[in-house]
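S.K.: Going by numbering that gives the first Met the number 0, the first residue of the sequence shown is number 0, and it counts up by one from there. What follows is a structure written as structure tokens; I'll ask about it next.
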Amino acid sequence: MINKILSSNAGLSALVLRVPLGLVLAAHGAQKLFGWFGGYGLEGTGKWMASIGFEPGYLMALMAGSAEFFGGLALLIGLLTRPAAIVTAFTMIIAMSVHIGNGLFVTNKGYEFALILLAACLSLVFQGAGKLSLDQLLVSKFNDKSPQKET
Numbered sequence: 000m001i002n003k004i005l006s007s008n009a010g011l012s013a014l015v016l017r018v019p020l021g022l023v024l025a026a027h028g029a030q031k032l033f034g035w036f037g038g039y040g041l042e043g044t045g046k047w048m049a050s051i052g053f054e055p056g057y058l059m060a061l062m063a064g065s066a067e068f069f070g071g072l073a074l075l076i077g078l079l080t081r082p083a084a085i086v087t088a089f090t091m092i093i094a095m096s097v098h099i100g101n102g103l104f105v106t107n108k109g110y111e112f113a114l115i116l117l118a119a120c121l122s123l124v125f126q127g128a129g130k131l132s133l134d135q136l137l138v139s140k141f142n143d144k145s146p147q148k149e150t
């Protein structure tokens, strides 16, 4: 089971996707959680979420911010990449639901940004972390310690 969750044959392509995706998600989560990078923090984000119908707003802000921040950090370093990508993909689906009425384009507060983040997350769900990831390191350590079959 550990091998199925962590292993990947994606090579370096997953790294090229994971690093910027992880940075963007972690930064957006930091806006929600800590008010960094011009964000509103938990209180402000919670009030906004409550105003659009996501109640209780503080809890919703905590969940969305945590998914983005911690999920983004996990993607950045390639640790539990598939589970982190699933959680952040779900978060992007919710974000799209907020923006869907505004059309596609982000200039109209549309859903295009959430859509591309969703696509990137789903790509990592299918391909895994690839080379240069903690997942790959864990798989190799796990396989080194597992009993070898006799031939």
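Using N, Cα and C, we set each Cβ at its ideal position, and we do this for glycine too.
1) In whole angstroms, what is the alpha-carbon distance linking leucine 79 and leucine 22?
2) From which residue to which residue does the alpha helix (DSSP H) around lysine 3 run?
3) What number of angstroms, rounded off, separates the C-alpha of glycine 43 from the C-alpha of glutamine 126?
4) Measuring CB atoms only, is the segment 109 to 116 touching the segment 47 to 55, in the sense that at least three cross pairs come out at less than 8 Å?
5) As a quick exercise: from Ala119, Ala49, Lys144, pick the residue whose alpha carbon is nearest that of valine 18.
6) Skipping 5 residues on each side, what residues in its chain have a beta carbon closer than 6 Å to that of alanine 49?
7) Kindly indicate which residue of Ala88, Lys31, Ala63, Ile1 has the alpha-carbon position closest to the one of serine 122.
8) On the CB-based measure, 16 or more other CB atoms within 10 Å of its CB, does methionine 91 come out buried or exposed?
9) Taking its Cβ as the centre, do 16 or more other Cβ atoms sit within 10 Å of leucine 15, making it buried, or is it exposed?
10) Give the single residue among Ala13, Ala63, Phe141 whose Cα lies nearest to the Cα of lysine 130.
11) How long is the line joining the alpha carbons of serine 132 and isoleucine 76, rounded to whole angstroms?
12) Return the residue from the list Leu24, Phe141, Asp134, Gln30 that minimises the CA-CA distance to glycine 71.
M.R.: On the basis of the coordinates in this document:
1) 16 Å
2) 1 to 5
3) 36 Å
4) no
5) Ala119
6) Gly56
7) Ala88
8) buried
9) Note on residue identity: the sequence assigns valine, not leucine, to residue 15. Answer is exposed; the Cβ neighbour count stays below 16.
10) Ala13
11) 6 Å
12) Leu24
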